[in-house]
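*Asks:*
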Amino acid sequence: MKLHFTSEWLRSHIENDPDIECEAGIPLLGAEPLNQFVDAAPHAPQEDVPEQKTVVLYQLVRQLRRRDRLTRAKLAAKIRIDTQEIETIEAQPEYVPKPRTVHQLAQYLGVPAKAVEQLTSAAHAQDNGLAEAAHRFAASSDDLSRLTRAEKKHFDDFVKVLAAFG
Amino acid sequence: MVYVEFLATAPWNRPRLVKEPTYKGAGRVLIGTAVSLSIEEELRGRIGLHSLPGAEDFYRDAIGMADLGVDKDGPHKGLRYFELSESQISGFLTTQH
Numbered sequence: 000m001k002l003h004f005t006s007e008w009l010r011s012h013i014e015n016d017p018d019i020e021c022e023a024g025i026p027l028l029g030a031e032p033l034n035q036f037v038d039a040a041p042h043a044p045q046e047d048v049p050e051q052k053t054v055v056l057y058q059l060v061r062q063l064r065r066r067d068r069l070t071r072a073k074l075a076a077k078i079r080i081d082t083q084e085i086e087t088i089e090a091q092p093e094y095v096p097k098p099r100t101v102h103q104l105a106q107y108l109g110v111p112a113k114a115v116e117q118l119t120s121a122a123h124a125q126d127n128g129l130a131e132a133a134h135r136f137a138a139s140s141d142d143l144s145r146l147t148r149a150e151k152k153h154f155d156d157f158v159k160v161l162a163a164f165g
Numbered sequence: 002m003v004y005v006e007f008l009a010t011a012p013w014n015r016p017r018l019v020k021e022p023t024y025k026g027a028g029r030v031l032i033g034t035a036v037s038l039s040i041e042e043e044l045r046g047r048i049g050l051h052s053l054p055g056a057e058d059f060y061r062d063a064i065g066m067a068d069l070g071v072d073k074d075g076p077h078k079g080l081r082y083f084e085l086s087e088s089q090i091s092g093f094l095t096t097q098h
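Protein chains in written order, with our numbering: chain W, 0 to 165; chain V, 2 to 98.
1. Excluding the five sequence neighbours on either side, which residues of its own chain have a C-beta within less than 8 Å of the C-beta of M2 (chain V), listed in chain order?
2. Around the C-beta of S88 (chain V), are 16 or more other C-beta atoms found within 10 angstroms, so that it is buried, or is it exposed?
3. Check each residue of the region 25-36 of chain V: if its Cβ is closer than 7 Å to any Cβ of chain W, include it; give the result in chain order.
4. Alpha helix (DSSP H) containing V101 (chain W): first to last residue?
5. Would DSSP call V60 (chain W) helix, strand or coil?
6. Enumerate in chain order the residues of its own chain whose CB-to-CB distance from Y82 (chain V) is below 7 Å, with the five nearest sequence positions on each side excluded.
7. Any Cβ of chain W within less than 8 Å of the Cβ of I40 (chain V)?
8. Compare the C-beta of H3 (chain W) against all C-beta atoms of chain V and say whether one is closer than 8 Å.
9. Would you be able to state if there are at least three C-beta pairs under 8 Å between the region 3-11 of chain V and the region 13-26 of chain W?
10. Can you give the Cα-Cα distance for S86 (chain V) and M66 (chain V), rounded to whole angstroms?
11. Of the choices W:V55, W:I19, W:I13, whose alpha-carbon is the least far from that of V30 (chain V)?
12. For E171 (chain W), which residues in chain V fall below 8 Å Cβ to Cβ?
13. What is the rounded straight-line gap between the Cα of A105 (chain W) and the Cα of E150 (chain W)?
14. Can you look up H51 (chain V) in the DSSP assignment and give me helix, strand or coil?
15. Could you tell me which chain V residues have their CB closer than 9 Å to the CB of P92 (chain W), listed as they occur along the chain?
16. Run down chain A in chain order and give the residues with a C-beta less than 7 Å from the C-beta of D81 (chain W).
17. Which residues in chain V have a C-beta closer than 7 Å to the C-beta of E7 (chain W)? List them in chain order.
18. Beta carbon of M0 (chain W), beta carbon of S91 (chain V): below 8 Å?
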């Protein structure tokens, strides 16, 4: 994301800003309120969480383009992101897209951004239903011709699972 | 607009807790980032937030946000709501000399 301020701007203001704790939203008296902003409990034993990661975002993007008959450039233009990022998502399954890209893709698909986020390699633990659906989806075809009827059904079923992700 | 749901000062940056805070200005950087996100999302830089009582002067005077009064009910009952409107963005992003 482009920042619309400069170091000079920061320096010029910070020197004159009062020493005030600029808190907003909720008072932070302990770490508990922070739990609502993270998916897992802070002290959950990570070793007990089974590693069940299926990175399928790149396949979702490819099939989305096949379904809607879009080139990378056209999809990028439609969701207002760089074509380069679409190319990178498709070429590098481990690539973690920018939050705005996840948001734009989710908006285009009509599903929550959190659901799309779960399909990237940055996701820590997947919801069981979503993980299972992701495995099924990952097993489907990934060529770039027009979607067959069966592939379209797989795609639509998977988008329904994403849409229900809460 | 971009709504800032939560913003807090780290303990090591709080003048009330440590004699020599590590950083000053982290809050301004975060507000500047929220404004940048708002601009990038074509929301014209507008942001809103509910200030905690001790920070109201910062948002009103240092950032230049409009004080739209206290929430009468809801999750932020009793907190003042501030907005940086489209007309205030250029002033906010102006470098002081």
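Idealized CB from N, CA, C, for every residue including glycine. Fair warning: this is a prediction, and the values are worked out from it, not measured in the lab.
*Replies:* Taking the coordinates as given:
1. S39, L44, R47, I48, G49, E84
2. exposed
3. K25, G26, G28, R29, V30, G33, T34, V36
4. 98-108
5. helix
6. G49, H51, L69, G70, D72
7. yes
8. yes
9. yes
10. 7 Å
11. W:I13
12. In the structure displayed, chain W extends from 0 to 165; residue 171 (chain W) sits before or after that span and is not available.
13. 20 Å
14. strand
15. Result: empty, since nearest Cβ-Cβ is about 27 Å, beyond 9 Å.
16. Chain labels in this structure do not include chain A; the protein chains are W and V.
17. T96
18. no
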